[in-house]
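Letter 26 of the sequence shown, counting from 1, is numbered 26 in full-length UniProt numbering, and no numbers are missing.
In what follows, a structure is listed as structure tokens, so that the remarks can point back to it.
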Amino acid sequence: MTVTWSTFNWTPSVVEFNPLPGPPSFNLTAYGSTDLFVDGGPKHRKIFIHRVTLENLKPGQKYVYHCGSSLGWSPQFYFRVLQDGSSWGPRLAVYGDMGNDNAQSLSRLQKETQMEMYDAILHVGKSWDFDVKGTTPLIQPQKSFGLERRSPLWTLVINVIPSPM
């Protein structure tokens with residue numbers, strides 16, 4: 001499992017985590033890398049991309065984690081490690097752009113995510129930088145890209161959100 005996030009200032013790349021059940025103790029720590037990215041837009045913003053790989057995770061186990069450093073921590077997030085072997089199949093939700101004003105399926109996606117009905121959520125639309133309200137702390141949506149390749153943000157997207165493959 002690799003955790004990726006971005007900041008506008010250099011900070012150490014640290015993830016603290018622990019298996020569940022039980023209260024968050026964050027008694028396991030992993031360290032990673034920080035890469036500087038300068039966007040291709042007119043502001044040439046400096047963005048620091050952090051990547052930390054969590055190793056020796058138990059298949060099927062649920063974990064809680066936060067990322068950051070002693071300079072500040074993210075909210076808590078959760079993930080479940082995929083099962084071993086071939087006698088299971090992933091439970092996926094796939095959706096495209098829901099629109100800005102009429103996201104009728106959002107409440108259902110939120111509820112089903114909170115009920116742990118999915119192993120992964122695949123977003124195959126153009127909007128890549130929004131939190132699917134209420135689902136991100138529970139399961140990280142995987143994004144797919146298309147039309148943004150002509151945008152100055154394309155290189156930012158590629159650097160911030162690496163392909164899961």
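No residue lacks a Cβ here, since even glycine has one placed at the ideal position from N, Cα and C.
Query, Result
"T34 versus L54: straight-line alpha-carbon distance, rounded", "15 Å"
"Spatial distance of K133 from W5 (CA atoms)", "Bear in mind that the predicted position of K133 carries a pLDDT of just 47, short of 50, making it too unreliable to give a figure here."
"R108: first and last residue of the uninterrupted alpha helix (DSSP H) it sits in", "106-114"
"Whole-angstrom distance between R91 and E112, CA atom to CA atom", "11 Å"
"Which of helix, strand or coil DSSP assigns to E55", "coil"
"Ranges of the beta strand (DSSP E) found wholly within the UniProt domain \"Purple acid phosphatase N-terminal\" (1-80), counting only runs of at least 3", "2-7, 14-19, 28-31, 33-38, 46-53, 62-69, 77-80"
"Where Y63 falls, given that 16 or more other Cβ within 10 Å makes a residue buried", "buried"
"Residue burial classification, V14 (beta-carbon count within 10 angstroms, cutoff 16)", "buried"
"Close-in-space but distant-in-sequence residues of the same chain around L71 (CB under 7 Å, 5 per side omitted)", "T11"
"Neighbourhood of P152 by C-beta, 6 Å cutoff - its chain only, sequence neighbours within 5 removed", "Bear in mind that the predicted position of P152 carries a pLDDT of just 47, short of 50, making it unreliable; the figure below should be weighed with that in mind. Here the set comprises G40, G41."
"Contact belief for G60 with V94 at Cβ below 8 Å, rounded distance in angstroms", "The Cβ separation is near 23 Å, so there is no contact."
"Anticipated Cβ contact below 8 Å, F8 with I47, distance rounded", "6 Å"
"Bounding residues of the beta strand (DSSP E) (the contiguous stretch that carries I94)", "Here the sequence assigns Val to residue 94, which means Ile is not the residue at that position. From DSSP, the beta strand (DSSP E) with V94 extends over 92-95."
"Bounding residues of the beta strand (DSSP E) (the contiguous stretch that carries L82)", "Here L82 belongs to no beta strand (DSSP E), and DSSP marks it neither H nor E."
"Minimum C-alpha distance to C67 - residue among S86, M98, L28", "L28"
"Test item: CB-CB of K58 and P19 under 8 Å", "yes"
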